[in-house]
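Quick note on the working numbering: the sequence shown kicks off at -18 and runs consecutively. To start, the structure under review is shown below, and the notes come after it.
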Amino acid sequence: MKNKKITPFMMFNGKAEAAIEFYTSVFRNSEIISMIKYDEQGPGAPGTVNHAVFTIHNEQFMAIDNANGTDIPFTPALSFAVECESSEEIEFLYDQLKENGQVLMELAPMAPVSEKFAWVADQFGINWQLNLPLEV
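Listed below in structure tokens is the structure:
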């Protein structure tokens, strides 16, 4: 049996392309693999994302724009946990992701687990838990 894999799949409300471009510019080892957009035939608005595949830190993600026109918000009940390798990395990601977003937990030490930890909802509504583990 072939190895199965779970891939995060995000549905944006018309901002998938902007979100994907933002994430692939902020996170290391990230790239857009493919992006197919709706044309005049729909069912989504022309120019919005029908299907996209991209990577963040070499992990595959998929995204689309919501084609049915209803506003479906993201929630803090699901977030992406990012383990950072340095103070510089976590501070950079924190600064980038909080811009035009919402800070749920300020960047600070979180003993006994983390040298630094933060939780932010970015400008697109995606929740990120950033962690710099304590060295043991």
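Every residue, glycine too, gets a C-beta built ideally from N, C-alpha and C.
Where Leu74 is concerned, the enclosing alpha helix (DSSP H) starts and stops at 68 to 79. Remark: C-beta atoms of Leu115 and Ala99 do not approach each other more closely than 8 Å. In the assembly as shown, Ala92 is an exposed residue. Its beta-carbon has fewer than 16 other beta-carbons within 10 Å. Beta-bridge pairing by DSSP links Gln83 to Ala102. Annotation: the continuous alpha helix (DSSP H) that includes Glu(-2) extends over -3 to 7. Assignment of Gln22 by DSSP, reduced to helix, strand and coil, places it in the coil class.
When rounded, the separation of the alpha-carbon atoms in Pro24 and Lys(-4) is 16 Å.
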